[in-house]
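First the structure, in the form of structure tokens, and then the observations on it.
There are 2 protein chains.
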Amino acid sequence: MKLQGSIQINEVGLRDGLQLEDRILSVEQKIKLVDALIDANVKTIEFGSFVHPKLVPQMKNSRELYELISEKHQDVDFIALIPNLKGVILAAEVGVQRVNTVLSASNTHNLQNVRKTKRQSLEEFLRIKEYCEEKEILLDCSIATTFGCPFEGDIHEEVIFSIIESVIQAGVNVITLADTTGMANPKQVYDLSKNVLEKWPNQPFNLHFHNTRGMGLANVLGGIQAGISSFDASLGGLGGCPFAPGATGNICTEDVVHMLEEMQLKTDISLDNLLEASKMLRSILDHELPGQILKSGKSSRLYPVPAI
Amino acid sequence: MKLQGSIQINEVGLRDGLQLEDRILSVEQKIKLVDALIDANVKTIEFGSFVHPKLVPQMKNSRELYELISEKHQDVDFIALIPNLKGVILAAEVGVQRVNTVLSASNTHNLQNVRKTKRQSLEEFLRIKEYCEEKEILLDCSIATTFGCPFEGDIHEEVIFSIIESVIQAGVNVITLADTTGMANPKQVYDLSKNVLEKWPNQPFNLHFHNTRGMGLANVLGGIQAGISSFDASLGGLGGCPFAPGATGNICTEDVVHMLEEMQLKTDISLDNLLEASKMLRSILDHELPGQILKSGKSSRLYPVPAI
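In order, the protein sequence lines correspond to chains A and B. Using our numbering, the letters of the first sequence map in sequence onto residues 10 to 317. Using our numbering, the letters of the second sequence map in sequence onto residues 10 to 317.
As structure tokens, then:
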């Protein structure tokens, strides 16, 4: 198996990971986590979202958080999730320089998620793009339910291609193909990624997986084999799925980094420091996290030989 | 990603899965589980082991269990794990027709596991083989710690090759390359499997993984890509690791079958019935199991669209 090069990891625990947690973290707690992630040399962090505070209370302090972390860590890419133009205007007010907006490949999911049809969302994307250009803000786009929709099921490849083409035409930084509810399988990930990279060889693509059905790391492998070198992951595997109580969450940052290291792929991240950050998260939330390496230790961990 | 053909699944939950459980299952409970597995069309079941009952109390009723299930299900391959000649003699007494013995690639692990050096274990293998030939018992061999030893670390490929060569020379049915404590990564699995299949194209090989570090299904994918078509798995992902409290166990049968189905690979197993068997196991053990599909449902499970 020929794998080489270096893989980019985008930490999304503070946004996608935390948003389903009951315990609302203070700005101070979030800053501690950001500091710990940066100690582990994580360079891209989705730190929060600019949505209505009633919808996602956990994200209410995103504004204050950004002001403090952006001042402290000027060499880190802090990304805000924004669902609409209003969100990016709020983000711009505090000087956010990179935002990620979301469109669903499934019309039903898009309506549920942002109360817009796909056509309306694409129109909103154009307005967001125009605004971002004016303010010199980098605009990423996540395509939710790319690998399947919990309401509609399979999404035809042509539907994904058409959305990708639209956002590339409008102008976009990174496109994330997101497996929003953990329906992807590694063959599907490989095949779609391969086709997308062949069609748009100059467009940066990122993949976003949940480990809902245990295939999270297998999907990362499928993506890497197809030539993708950028992945979202969540510290401790925090996340979960609103449809599947008890199911695991986003793929776990430290588990991904561990697998990549074991396969001799570079990430620039310090796994030991990442594990410290994950311990801190577990202690702040006061419950176990789905990630495995925090429990098992690394593959390279050796044990003393018991006397026989 | 070109994947095709059909994959053989060997259920090891009743042996490797149960052996670390505190709650000792009665013969009746085990029979119920075997019946449920067979309802799901599982055709190869490692049902127990013939070891000293003080060492593994859970396996104490293996003899009685075999007598009842072998009579009831004559078209199923029931395999007994046997650590030594004494074990196979006990198994033969009740008419067991297929046994699996274990050798460790790591000398330290072999001493810990069966109180023998590797050389002594290979000598024992020859005695077991001779006995099995005389009794017309099929003899499989699992090579423990193939992908790493928790005491010695990496195991050189040449060491694995030499053990494989020795057991093939002696005469063996299926060889299992076992990742005893979940140290394998998919690149390593692919590379070793590829090399082994090239060296011994006519020898049946099987892979045994634990999901200790979250890479279980990724490792299955690596094995399949290399051309392996037979895997051990444990209902509900039961198992665990004596070295890593809280770590997940063997790869989960229903999660593996689900991934294979999603990738259009055949197994002949009914996933729905397998999930019923896993529910039964959870209810008998009265605790949650590490498997994901039992919690999340299949990827194909659709949800009613909520009113907006």
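For glycine and all other residues, C-beta sits at the position ideal for the given N, C-alpha and C.
Host beta strand (DSSP E) of residue i (start-end)
i, result
"CYS141 (chain B)", "Here CYS141 (chain B) belongs to no beta strand (DSSP E); instead the alpha helix (DSSP H) covers 127-144."
"ILE91 (chain B)", "86-91"
"GLU297 (chain A)", "Where GLU297 (chain A) is concerned, there is no enclosing beta strand (DSSP E), given that its DSSP letter is neither H nor E."
"THR187 (chain B)", "A small fix is needed here, since residue 187 (chain B) is Ala in this sequence, not Thr. From DSSP, the beta strand (DSSP E) with ALA187 (chain B) extends over 184-187."
"ARG72 (chain B)", "Run containing ARG72 (chain B): none in the beta strand (DSSP E); it sits in the alpha helix (DSSP H), 71-81."
"VAL108 (chain A)", "107-113"
"ASP149 (chain B)", "147-153"
"GLY57 (chain A)", "53-58"
With 16 other Cβ atoms within 10 Å as the buried cut-off, status of residue i
i, result
"GLU211 (chain A)", "Going by the sequence as given, residue 211 (chain A) is Asn instead of Glu. By the neighbour-count rule (16 or more Cβ atoms within 10 Å), ASN211 (chain A) is not buried but exposed."
"ALA100 (chain B)", "buried"
"GLY104 (chain A)", "exposed"
"ASP241 (chain A)", "buried"
"ARG136 (chain B)", "exposed"
"ILE184 (chain B)", "buried"
"SER15 (chain A)", "exposed"
"ALA316 (chain A)", "exposed"
"GLY180 (chain B)", "exposed"
"THR126 (chain B)", "exposed"
"LYS275 (chain B)", "exposed"
"PRO195 (chain B)", "buried"
"ASP281 (chain A)", "exposed"
"LYS138 (chain A)", "buried"
"GLU167 (chain B)", "exposed"
"ASP48 (chain B)", "exposed"
"LYS63 (chain B)", "exposed"
"PRO66 (chain B)", "exposed"
"ARG24 (chain B)", "buried"
"GLU271 (chain B)", "buried"
"PRO313 (chain B)", "exposed"
"GLN273 (chain A)", "exposed"
"GLN301 (chain A)", "buried"
"GLN178 (chain A)", "exposed"
"SER309 (chain A)", "exposed"
"SER305 (chain A)", "buried"
"GLU174 (chain B)", "exposed"
Range covered by the alpha helix (DSSP H) that runs through residue i
i, result
"ILE18 (chain A)", "Segment 17-20 is the beta strand (DSSP E) holding ILE18 (chain A); no alpha helix (DSSP H) there."
"MET68 (chain A)", "Segment: none, MET68 (chain A) is in no alpha helix (DSSP H) and carries neither H nor E."
"ASN116 (chain A)", "116-123"
"ILE47 (chain B)", "36-48"
"LEU269 (chain A)", "262-271"
"VAL97 (chain A)", "94-102"
beta-carbon residue i near the ligand GDP non-hydrogen atom, thresh 7 angstroms
i, result
"THR185 (chain A)", "In the structure on display, the ligand GDP does not appear, and there are no ligands present to speak of."
I'd like to know if the stretch 120-128 of chain A and the stretch 80-89 of chain A are in contact, where contact means that at least 3 CB-CB pairs between them fall below 8 angstroms.
These segments do not touch.
Note down, one range per segment and in chain order, each alpha helix (DSSP H) of at least 4 residues found wholly within the stretch 162-207 of chain A.
Runs found: 166-179.
Listed from N- to C-terminal order along the chain, which residues in the stretch 124-139 of chain B have their beta-carbon within a distance smaller than 9 angstroms of any beta-carbon of chain A?
Taking 9 angstroms as the Cβ-Cβ cut-off against chain A, the residues of the stretch 124-139 of chain B that qualify are ARG124.
Report the residue ranges of all beta strand (DSSP E) runs contained in full by the stretch 215-252 of chain A; include only those spanning at least 3 residues, in chain order.
Segments of the beta strand (DSSP E) lying fully in the stretch 215-252 of chain A: 239-242.
Measuring CB atoms only, is the stretch 223-232 of chain B touching the stretch 219-231 of chain A, in the sense that at least three cross pairs come out at less than 8 angstroms?
The stretch 223-232 of chain B is in contact with the stretch 219-231 of chain A.
Taking Cβ-Cβ distances below 9 angstroms as the criterion, which residues of the stretch 218-249 of chain B are in contact with chain A?
Cβ contacts with chain A: ASN220, THR221, ARG222, GLY223, MET224, GLY225, LEU226, ALA227, ASN228, VAL229, LEU230, GLY231, GLN234, ALA235, GLY246.
Touch check for the stretch 30-40 of chain B and the stretch 253-268 of chain B: three-plus C-beta pairs under 8 angstroms?
Under the Cβ criterion (8 angstroms, minimum of three pairs), the stretch 30-40 of chain B does not count as touching the stretch 253-268 of chain B.
Closer than 8 angstroms, Cβ to Cβ, to anything on chain A: give me those residues from the stretch 260-285 of chain B, in chain order.
Taking 8 angstroms as the Cβ-Cβ cut-off against chain A, the residues of the stretch 260-285 of chain B that qualify are CYS261, ASP264, HIS267, MET268, GLU271, MET272, GLN273.
The stretch 96-123 of chain B: which residues have C-beta closer than 8 angstroms to a C-beta of chain A, in chain order?
Sequence-ordered contacts of the stretch 96-123 of chain B with chain A read THR117, LEU120, GLN121 [C-beta pairs closer than 8 angstroms].
Taking one C-beta from the stretch 146-162 of chain A and one from the stretch 186-203 of chain A each time, how about it: are there three or more such pairs within less than 8 angstroms?
Counting Cβ pairs under 8 angstroms, three or more are found: they touch.
Tell me, please, whether the stretch 67-79 of chain A touches the stretch 52-59 of chain A by the rule of three or more beta-carbon pairs shorter than 8 angstroms.
These segments touch.
Quick test of the definition: if touching needs 3 or more C-beta pairs under 8 angstroms, does the stretch 274-289 of chain A touch the stretch 136-146 of chain B?
At 8 angstroms Cβ cutoff, the stretches do not touch.
Which of the residues in the stretch 191-212 of chain A, read from start to end, lie with their CB under 9 angstroms from any CB of chain B?
Among the residues of the stretch 191-212 of chain A, those with a Cβ less than 9 angstroms away from any Cβ of chain B are GLY191, MET192, ALA193, ASN194, PRO195, LYS196, GLN197, VAL198, TYR199, ASP200, LYS203, in the order of the chain.
Quick one, which residues of the stretch 57-69 of chain B are near chain A if we go by CB-CB under 8 angstroms, in chain order?
If the cut-off is 8 angstroms between Cβ atoms, the stretch 57-69 of chain B has nothing near chain A.
Mind checking the stretch 149-165 of chain B against chain A and listing, in chain order, the residues whose C-beta falls within less than 9 angstroms of any C-beta there?
Residues passing the 9 angstroms Cβ filter: PHE156, GLY157, CYS158, PRO159, PHE160, GLU161, GLY162, ASP163.
Quick one, which residues of the stretch 283-306 of chain A are near chain B if we go by CB-CB under 7 angstroms, in chain order?
Here the close residues are GLN301, ILE302, LYS304, SER305, GLY306.
Given a limit of 8 angstroms on CB to CB distance, which residues of the stretch 11-23 of chain B reach chain A?
Answer in chain order: LEU12.
Where the stretch 165-176 of chain A meets chain B: residues whose CB sits under 8 angstroms from a CB there:
Taken residue by residue, none of the stretch 165-176 of chain A has a beta-carbon sitting less than 8 angstroms from a beta-carbon on chain B.
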